[in-house]
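Going by our numbering, the first residue of the sequence shown is number 11, and it counts up by one from there.
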Amino acid sequence: MTLRIAVAGGTGQAGSEAVRVARERGHDVVVLARSAGVDLVTGRGARDALVGVDVVIDASGVSPGDDPTAFHQAVTRTLTETGKDAGIRHLVVLSIVGCDRAAGYPLYAGKVAQEQATQASGIPFTIARTTQFHEFATLIWRMGKRGPLHFAPRMRSQPVAVREVGEHLVHLAEGEPLQRAPEFAGPREESVLDMVRAYAKAAGGGPVLPVRMGGEFGRAQRDGSLLPGPHAKLGHQTYAEWISALG
Ligand SMILES: NC(=O)c1ccc[n+]([C@@H]2O[C@H](COP(=O)([O-])OP(=O)(O)OC[C@H]3O[C@@H](n4cnc5c(N)ncnc54)[C@H](OP(=O)(O)O)[C@@H]3O)[C@@H](O)[C@H]2O)c1
Numbered sequence: 011m012t013l014r015i016a017v018a019g020g021t022g023q024a025g026s027e028a029v030r031v032a033r034e035r036g037h038d039v040v041v042l043a044r045s046a047g048v049d050l051v052t053g054r055g056a057r058d059a060l061v062g063v064d065v066v067i068d069a070s071g072v073s074p075g076d077d078p079t080a081f082h083q084a085v086t087r088t089l090t091e092t093g094k095d096a097g098i099r100h101l102v103v104l105s106i107v108g109c110d111r112a113a114g115y116p117l118y119a120g121k122v123a124q125e126q127a128t129q130a131s132g133i134p135f136t137i138a139r140t141t142q143f144h145e146f147a148t149l150i151w152r153m154g155k156r157g158p159l160h161f162a163p164r165m166r167s168q169p170v171a172v173r174e175v176g177e178h179l180v181h182l183a184e185g186e187p188l189q190r191a192p193e194f195a196g197p198r199e200e201s202v203l204d205m206v207r208a209y210a211k212a213a214g215g216g217p218v219l220p221v222r223m224g225g226e227f228g229r230a231q232r233d234g235s236l237l238p239g240p241h242a243k244l245g246h247q248t249y250a251e252w253i254s255a256l257g
């Protein structure tokens, strides 16, 4: 059945993949992003954009300077209040595996707040938690630069291809609301330090040194709290395959 699917954050890493997959599968797709004329924090443009929409995929994410909790609460309020008036049947929310196990970390507090606001909204929903995308290594590479050196945490992750996250989100949007979808992760566990080192090598960069992160988030990175559980659905592309495809 052809659906009208709105993708919040449809220009971002995961959202643009969901848009691509949904269009390939013949759905009618609406992009909700500031660059497409819709601000989901203020609500500007949302009412017109949601007319006739059956399902919303929320793959929005913060910009530098945003408070993650305030951001996700405002976006969820816009999507659910405006969405109710528009008659949407299903809200699929992209979240993060283990976010509730390190909710002292502001970004994860924002994801927990987003999940809670979704659950309280009264709109049938599916929360889709995934692990870090392979591109996470490039983020750490950029953020961990101090002068000529790069640092990366000793973190356990089971990274997933963002292309497959897009397929997963559209598959969920086509189905009935599940409240909680099985976690979605890549095919195997990796060391984030080794991932960043492999990226640095591929990008012609220098050495990457380990850094020990403090606090609850540092502990969660090291102790496996951010890994998927035994019932997770696994994608196919490995991190090594992703690196090879960078060319
Ligand atoms: N990156 C990961 O490894 C990972 C893993 C699992 C889950 N997640 C979660 O998945 C979500 C998407 O992550 P991502 O890395 O794909 O994000 P991203 O690339 O940073 O994209 C963020 C998207 O949100 C939109 N956006 C930001 N502010 C907006 C606003 N006020 N109104 C409307 N749209 C707005 C942006 O478009 P405009 O700038 O044009 O508005 C963009 O399309 C995030 O919530 C993240 O926590 C990420």
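Here a beta-carbon is modelled for each residue, glycine too, at the ideal position from N, C-alpha and C.
What number of angstroms, rounded off, separates the C-alpha of residue i from the C-alpha of residue j?
| i | j | result |
| --- | --- | --- |
| His-290 | Thr-136 | The structure shown does not extend to residue 290, since the chain is modelled only from 11 through 257, so no value can be given for it. |
| Ser-201 | Gly-55 | 42 Å |
| Arg-173 | Ile-253 | 14 Å |
| Arg-222 | Tyr-115 | 15 Å |
| Gly-257 | Gln-142 | 21 Å |
| Glu-145 | Tyr-209 | 10 Å |
| Ile-15 | Gly-185 | 12 Å |
| His-82 | Lys-121 | 7 Å |
| Met-153 | Arg-30 | 28 Å |
| Glu-91 | Pro-217 | 49 Å |
| Gly-71 | Ala-147 | 18 Å |
| Val-48 | Val-63 | 15 Å |
| Gly-245 | Gly-132 | 31 Å |
| Ile-150 | Pro-134 | 35 Å |
| Ala-212 | Ala-255 | 10 Å |
| Arg-44 | Leu-117 | 20 Å |
| Gly-225 | Gly-75 | 22 Å |
| Ala-119 | Ala-46 | 27 Å |
| His-199 | Arg-57 | First, the amino acid is wrong: residue 199 is Glu here, not His. About 42 Å. |
| Ser-73 | Arg-35 | 30 Å |
| Gly-109 | Gln-247 | In the sequence as presented, Gly is not what sits at residue 109; that position holds Cys. Going from the Cα of Cys-109 to the Cα of Gln-247 covers about 23 Å. |
| Val-61 | Leu-236 | 37 Å |
| Pro-240 | Thr-140 | 14 Å |
Would you decide whether residue i is buried or exposed? Buried here means 16 or more other CB atoms lie within 10 Å of its CB.
| i | result |
| --- | --- |
| Glu-251 | exposed |
| Thr-52 | exposed |
| Ala-127 | buried |
| Gly-78 | The sequence shown places Pro at residue 78, rather than the Gly named in the question. Buried, because 16 or more other Cβ atoms sit within 10 Å of the Cβ of Pro-78. |
| Ala-242 | buried |
| Ala-130 | exposed |
| Thr-12 | exposed |
| Leu-203 | buried |
| Val-85 | buried |
Does the Cβ-Cβ distance between residue i and residue j come in under 8 Å?
| i | j | result |
| --- | --- | --- |
| Gly-104 | Gly-93 | First, the amino acid is wrong: residue 104 is Leu here, not Gly. Not in contact: Leu-104 and Gly-93 (Cβ atoms no closer than 8 Å). |
| Ala-59 | Leu-42 | yes |
| Ala-69 | Gly-19 | yes |
| Gln-168 | Pro-238 | yes |
| Phe-194 | Ala-112 | no |
| Ile-67 | Val-17 | yes |
| Val-107 | Ala-162 | no |
| Val-65 | Ala-138 | no |
| Ala-24 | Val-170 | no |
| Pro-220 | Arg-164 | yes |
| Ala-196 | Tyr-249 | A small fix is needed here, since residue 196 is Gly in this sequence, not Ala. Taking 8 Å as the Cβ cut-off, Gly-196 and Tyr-249 qualify as a contacting pair. |
| Ala-32 | Val-180 | yes |
| Thr-88 | Leu-50 | yes |
Could you tell me whether any non-hydrogen atom of ligand 2 is closer than 7 Å to the CB of residue i?
| i | result |
| --- | --- |
| Arg-33 | In the structure on display, ligand 2 does not appear, and the ligands it does have are ligand 1. |
Looking at the C-beta of residue i, does it have a partner C-beta in chain D at a distance below 8 Å?
| i | result |
| --- | --- |
| Ala-250 | Given the protein chain composition of this structure (a single chain), no chain D is represented. |
#### Entry: Segment contact flag, the segment 150-157 with the segment 224-236, C-beta cutoff 8 Å, min 3 pairs
No: the two stretches stay apart, fewer than three of their Cβ pairs being nearer than 8 Å.
### Task
Please go through the segment 26-108 and give each complete beta strand (DSSP E) segment of 3 or more residues, from N-terminal end onward.
38-42, 65-68, 100-106
### Query
Are at least three pairs of beta-carbons, each pair with one atom in the segment 188-200 and one in the segment 26-40, less than 8 Å apart?
no
### Task
Within the segment 152-231, note down every full beta strand (DSSP E) run reaching 3 residues or more, in order along the chain.
Taking 3 residues as the minimum length, the beta strand (DSSP E) runs contained wholly in the segment 152-231 are 159-163, 218-221, in order along the chain.
### Message
Please give the ranges of any beta strand (DSSP E) in the segment 124-155, keeping only runs that are unbroken, at least 3 residues long and fully inside the region.
### Response
If only uninterrupted beta strand (DSSP E) runs of at least 3 residues are considered, those enclosed by the segment 124-155 are 135-140.
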